[in-house]
Amino acid sequence: MATVAKDVRVVLLGAGNMATNLGCALREAHCAVVQVYSRTMASASCLAEQLDCDATDSLDSLNKDADVYIVALTDNALLELGPTLPSLVPDKLWVHTAGTVNMSVFGNTTARIGVFYPMQSVSKAQVISLQDAPIFVEAAQAQDEAMLYTLAQAITCHAYKANSEQRQAMHLAAVFINNFSNQMYVCAEEILRKFDLPFEVMLPLVDNTAAKVHDLSPVDAQTGPAKRLDYDVIQKQHGMLKDFPHYQEIYKLVTEAIIASQTTHNKQ
Numbered sequence: 060m061a062t063v064a065k066d067v068r069v070v071l072l073g074a075g076n077m078a079t080n081l082g083c084a085l086r087e088a089h090c091a092v093v094q095v096y097s098r099t100m101a102s103a104s105c106l107a108e109q110l111d112c113d114a115t116d117s118l119d120s121l122n123k124d125a126d127v128y129i130v131a132l133t134d135n136a137l138l139e140l141g142p143t144l145p146s147l148v149p150d151k152l153w154v155h156t157a158g159t160v161n162m163s164v165f166g167n168t169t170a171r172i173g174v175f176y177p178m179q180s181v182s183k184a185q186v187i188s189l190q191d192a193p194i195f196v197e198a199a200q201a202q203d204e205a206m207l208y209t210l211a212q213a214i215t216c217h218a219y220k221a222n223s224e225q226r227q228a229m230h231l232a233a234v235f236i237n238n239f240s241n242q243m244y245v246c247a248e249e250i251l252r253k254f255d256l257p258f259e260v261m262l263p264l265v266d267n268t269a270a271k272v273h274d275l276s277p278v279d280a281q282t283g284p285a286k287r288l289d290y291d292v293i294q295k296q297h298g299m300l301k302d303f304p305h306y307q308e309i310y311k312l313v314t315e316a317i318i319a320s321q322t323t324h325n326k327q
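Heads up: take any position in the sequence shown, counting from 1, add 59, and you land on this note's numbering.
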């Protein structure tokens, strides 16, 4: 990994899941996080203590001497505050961490805008290393994009440049991979609970399923009754879900999707 000069100074706006994990990653990369802003001083102070920096709950009190202002707020907060933020320090680089929001959210008060998007599911309750997480950067100016790319390289082994359309496509794909698959775990846990079985019995299968796609394409890694076109099992399992009608619909739709994918793959 590249090393970012220690004189790169960052103000972090936000103290939630992404801000906490990114702040810790920046500190690990020897990048100076000089201040944390949050709407509540308690949240700002909690993260600032972890990062050994100043805290504020007032936008008017933002440190004016940073090189980069990273906005790691919720999408709604970003859309609300984004257009007004660069005017607070108009000569510096402003970036956000959202996967689905265009960098134009910052308005037209400055040309120094961009995106710094770590594609990873994070929680401030369990801070993780971002060393293996892909980080996608974009900026309106080439020199700013180069700096963001170098900053990303200091954090991760997987730094990329991506425009807004590409980033939104990746976020959509991530919803299927992360959010939808986790909802399947929720479904499975509820089904198992009905039969007095613990979810932990599925953990080896969860791990193996994720590990296989490191070596196989997802369509080649697929197994199960839908791939085998075992309609007897499909019908029986669909019937077993009679007490979970919403899961029956999911089972039907996903089974049909697997069959369609396999049919298309076999024709190639």
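Here a beta-carbon is modelled for each residue, glycine too, at the ideal position from N, C-alpha and C.
Small disclaimer: the values here were computed from a predicted structure and weren't measured.
**OP:** Give the single residue among Thr79, Pro142, Leu231, Asn237 whose Cα lies nearest to the Cα of Thr330.
**Re:** Residue numbering for the chain in the displayed model covers 60 to 327; residue 330 lies beyond these limits and cannot be assessed.
Subject >> Residues of its chain near Ala78, where Cβ-Cβ distance is below 7 angstroms and the 5 sequence neighbours each way are ignored >> reply: On the sequence shown, position 19 is the one that residue 78 refers to. Once the five neighbours on either side are set aside, the close Cβ partners of Ala78 are Leu71, Leu106, Ala131.
**OP:** With a cut-off of 8 angstroms on the beta carbons, I'd call Val127 and Val93 a contact; round off their distance for me.
**Re:** Working through the sequence shown from its first residue, we reach residue 127 at position 68. Working through the sequence shown from its first residue, we reach residue 93 at position 34. Their Cβ separation, rounded to whole angstroms, is 10 angstroms, which puts Val127 and Val93 out of contact at 8 angstroms.
Subject >> Whole beta strand (DSSP E) elements within the region 185-231, 3-residue minimum >> reply: 194-198, 218-220
Subject >> Helix, strand or coil at Gly158 [DSSP, three-state] >> reply: Position 99 of the sequence shown holds residue 158. In this structure, Gly158 counts as coil in the three-state DSSP scheme.
**OP:** Please go through the region 227-279 and give each complete alpha helix (DSSP H) segment of 4 or more residues, from N-terminal end onward.
**Re:** 240-253, 262-271
Original post:
Who are Val69's beta bridge partners in DSSP?
Top reply: Translated into positions along the sequence shown, residue 69 becomes position 10. Val92, Val127.
Original post:
What residues in its chain sit with their C-beta under 8 angstroms from that of Phe165, if we drop five residues either side in the sequence?
Top reply: Sequence index remark: in the sequence shown, residue 165 carries index 106 (1-based). For Phe165, where only same-chain residues beyond five positions count, the Cβ hits under 8 angstroms are Gly141, Pro142, Leu144, Pro145, Trp153, His155, Ile172.
Original post:
When DSSP builds the beta bridges, which residues end up paired with Leu152?
Top reply: The count along the sequence shown starts at 1 and reaches residue 152 at position 93. Answer by DSSP bridge pairing, in chain order: Val127.
Original post:
Helix, strand or coil: how does DSSP classify Ala103 here?
Top reply: Here residue 103 refers to the residue found at position 44 of the sequence shown. In the displayed model, Ala103 falls within a helix according to three-state DSSP.
Subject >> Per-residue DSSP class, three states only, for Ser43 >> reply: Absent from the model: residue 43. The displayed extent of the chain is 60 to 327, so no value can be given.
Subject >> Within 9 angstroms, strictly: CB atoms of Thr215 and Ala184 >> reply: For this step, residue 215 is matched to residue 156 along the sequence shown. For this step, residue 184 is matched to residue 125 along the sequence shown. No.
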